[in-house]
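> Using the numbering used here, you'd call the opening residue of the sequence shown number 11 and step up by one each time. The following block contains the structure, expressed as structure tokens.
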Amino acid sequence: MTIASNIKSSLPPADKGKAYLAAIEERFKTADKSLAGKLMADLTTIKYNDTRSMHEHCIEITNLAAKLKNLGMSVDNSFLVQFILNSLSPQYGPFKINYNAIDERWTSNELANKLVQEEARLGREGIKVAHYIQGAGPKAGK
């Protein structure tokens with residue numbers, strides 16, 4: 011494996027391997043912090059938009075949480091369930107109401123499985139989301 015020249019030039023010279031690896035570790039601590047911030051922002055703002063399957067959406071959120079865990083920021087399963095529920099589009103409103111009404115708490119995997127079933131049910135019933143965008147309209151005086 012080789013180190014890119016722009017990274018190599020930013021590291022101090024070292025005679026010993028341990029010192030060199032310590033310098034590399036120190037150099038990338040700030041990168042880990044900024045990556046954790048980006049991942050956390052992605053996790054809290056991600057929305058399901060019906061362009062991919064519900065399974066893919068849940069996997070993406072779970073992967074973001076796993077990446078945060080690798081950076082030392084563990085996301086509790088109950089938080090992960092809430093992040094997934096908060097990311098759902100309005101057509102899943104009845105599903106969220108049902109989840110909040112029951113006493114049982116699901117794991118993120120159980121929630122993902124139930125959401126895939128709900129996605130199939132909505133598809134069978136022909137419920138689709140229409141994305142409506144309205145322009146500014148005609149300008150005054152024209």
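Each residue gets a CB set at the ideal place from its N, CA and C atoms; glycine is no exception. Quick caveat: nothing in here was measured; it's all calculated off a predicted structure.
Please classify residue 62: does DSSP put it in a helix, a strand, or coil?
Residue 62: coil per DSSP, three-state reduction.
> On the three-state DSSP scale, how would you describe residue 84?
Looking at residue 84 - three-state DSSP - the assignment turns out to be coil, as it is neither helix nor strand.
> How close, in whole Å, do the beta carbons of residue 59 and residue 99 come, if the pair is a contact with beta carbons under 8 Å?
With 8 Å as the limit, residue 59 and residue 99 qualify as a contact, their Cβ atoms being about 7 Å apart.
> Can you have a look at residue 71 and say buried or exposed, based on whether 16 or more other CB atoms are within 10 angstroms of its CB?
By the neighbour-count rule (16 or more Cβ atoms within 10 Å), residue 71 is buried.
> Apply the 10 Å Cβ neighbour rule to residue 105 and answer buried if 16 or more other Cβ atoms are within range, or exposed otherwise.
Answer is buried; the Cβ neighbour count reaches 16.
> Can you tell me the Cα-Cα spacing of residue 79 and residue 126, whole angstroms?
Their Cα atoms are separated by approximately 25 Å.
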